[in-house]
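Undergrad: My questions all concern the structure below.
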Amino acid sequence: MKTDSEPVYILGVGMVRGWADASSSLTDLIFASVSAALDDSGVDIQAIDSVVLAAHDLVDGRSLSSMVTAPAAGAYLRDEIRLASDGLSALSLASARVEAGETEYSIVAAWGRESEGNYARTSRAGFDPIFEQAFGADEFTLSALRLSAWSARHGCPDDAREAAAAARRDRARNNPRASAEGRRPMLATPLVADDAPLMADIAVAAIIGRKAGPVRIAGFGHGTASPLIGARDLVGADALADAIRLATDQAGFGARDAQALFIDGATLSDEALALEVLGLAEAGQGYAAYAANAAINPGGGGESGWCYPTCGLVNAVEAYLQLTGRAGACQLPGKPSRALATGLSAMGGQAAYAAFLEAA
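Just so we're aligned, residue 1 is where the sequence shown starts under full-length UniProt numbering, counting upward by one.
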């Protein structure tokens, strides 16, 4: 149910997305994205009284990585919280703190530099060491298992898959913030080459606060599922279903009422199948809906650059740009007034997040 709490606004955003830039360290990329968000918001760094980060030691390749990287995000001598989950969870926590009156302005930032590591390999560490790690599975193996289970129920619509892949490539090509280079992960059957995301180096940030701004955070939802792969329905994605239900209750409107839809997924198939969970496509029609609806990932989704744990916050930033009419060549006609952004944790979306944003 819709609440009457004080509104929280996104005031400005910044993002750096590329590949193996030898002239910039990870801290340089973080500093650039946060500085861009501050400039965009018009909020002075001295007014910031909290910082919420989404970053992961395994992705960064450093123990207690935030001790090195957090100052570049504005956290030096400030209240700082770091989450080792998707970037949208950081936006949710920061929003809750502003709404509760704990803080006036907050920096929200997330980053990952795939060119310095290998997420497919490091993601194996998330599996249960006794029962699951012996299989050698990684994040993209779970995507293959999900698609295999889905195909057993609905068949394998090759034409629709190819149409969705072509649409995603076209949308990424129009995105001025897309990475021009990157790396493709190795995938398992029944995934195909078109499913692979373009792994990139990403640092992304947003400034939020109670001061009225161009975009209001209308509703948030979280969902969680069992960490054991065999104990959950990968196709039904209960965590994502719970997240969208709770976000809808808080916002007072649902996914079908949003004119811009930014859907997270490690692969094209994950993005397409999520549409069915979100109520944006009938069962078995996820690929067809993806291809037919230009409002779904108008910036190209994972084809424009993907790196955990930035994805949900990237989606929120892309949604903000659509709602403010600043998305560039991938701007949807008519300037949308409502948008949905989703984010998924590692382990095939064991935790999921959904956010509705609304033009103020």
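By construction, the Cβ of each residue, glycine as well, lies at the ideal position given by its N, Cα and C atoms.
Values in this document were obtained by computation on a predicted structure and should not be read as measured data.
Can you tell me whether DSSP reads Gly221 as helix, strand or coil?
TA: In the structure shown, Gly221 sits in a strand (DSSP, three-state: E or B).
Undergrad: Out of Leu145, Asp86, Ala196, which one is the CA nearest neighbour of Pro168?
TA: Note that residue 168 is Arg in the sequence shown here, rather than Pro. Per the Cα distances, Ala196.
Undergrad: Under three-state DSSP, which class holds Gly112?
TA: Correct three-state label for Gly112: strand.
Undergrad: Are the segment 4-20 and the segment 167-186 touching, with three or more C-beta to C-beta distances below 8 angstroms?
TA: Enough Cβ pairs lie closer than 8 angstroms, so yes.
Undergrad: With a threshold of 8 angstroms on Cβ separation, who are the neighbours of Leu191 within its own chain once the five nearest residues in sequence on each side are excluded?
TA: Phe140, Ser143, Ala144, Leu147, Thr267, Ser269, listed in sequence order.
Undergrad: Report the three-state DSSP secondary structure of Tyr308 (helix, strand or coil).
TA: Tyr308: coil per DSSP, three-state reduction.
Undergrad: What first and last residue would you give for the beta strand (DSSP E) that runs through Ala354?
TA: Segment 351-359, the beta strand (DSSP E) holding Ala354.
Undergrad: Check for me: the alpha helix (DSSP H) holding Ala163 runs from which residue to which?
TA: It spans 158-173 - the alpha helix (DSSP H) in which Ala163 sits, taken as one unbroken run.
Undergrad: For Val98 and Val43, I'd like the C-alpha separation in whole angstroms.
TA: For Val98 and Val43, the distance between alpha carbons rounds to 15 angstroms.
Undergrad: Quick check on Ile81: does DSSP put it in helix, strand or coil?
TA: Strand.
Undergrad: Out of curiosity, what's the CA-to-CA distance linking Ala225 and Leu246?
TA: Computed Cα separation, rounded: 15 angstroms.
Undergrad: Would Ala166 pass as a contact of Ala243 if the rule is Cβ separation under 8 angstroms?
TA: Not in contact: Ala166 and Ala243 (Cβ atoms no closer than 8 angstroms).
Undergrad: Enumerate in chain order the residues of its own chain whose CB-to-CB distance from Pro298 is below 6 angstroms, with the five nearest sequence positions on each side excluded.
TA: Closer than 6 angstroms at Cβ, skipping near neighbours: Arg171, Cys330, Leu332.
Undergrad: For a minimum of 3 consecutive residues, which ranges assigned as the beta strand (DSSP E) are wholly contained in the segment 208-265?
TA: DSSP runs (the beta strand (DSSP E)) wholly in the segment 208-265: 215-224, 260-262.
Undergrad: Mapping the DSSP letters down to three states, classify Ala178 as helix, strand or coil.
TA: Residue state, collapsed to three classes: coil.
Undergrad: When the Cα atoms are used, what is the spatial distance from Thr49 to Gly136?
TA: Reading off the sequence shown, one finds Asp at residue 49, where the question assumed Thr. The straight-line gap from Cα to Cα measures roughly 43 angstroms.
Undergrad: Quick one: any contact between the segment 295-309 and the segment 211-231, if contact means 3 or more CB pairs under 8 angstroms?
TA: No, they do not touch.
Undergrad: Which of the three DSSP states, helix, strand or coil, is assigned to Ala188?
TA: Three-state DSSP puts Ala188 in coil, outside helix and strand.
Undergrad: On the three-state DSSP scale, how would you describe Val13?
TA: Val13 falls in the strand class under three-state DSSP.
Undergrad: Taking only three categories from DSSP, how would you classify Val52?
TA: DSSP places Val52 in strand when its eight states are reduced to three.
Undergrad: Excluding the 5 residues flanking Met1 on each side, which residues of the same chain have their C-beta closer than 7 angstroms to its C-beta?
TA: Here Met1 scores only 41 on pLDDT, less than 50, and its place in the model should not be relied on; the value that follows carries that caveat. The answer, listed in chain order, is Asp249.
Undergrad: So, is Ser33 buried or exposed, given that buried needs 16 or more other C-beta atoms within 10 angstroms?
TA: By the 10 Å Cβ count, Ser33 comes out buried.
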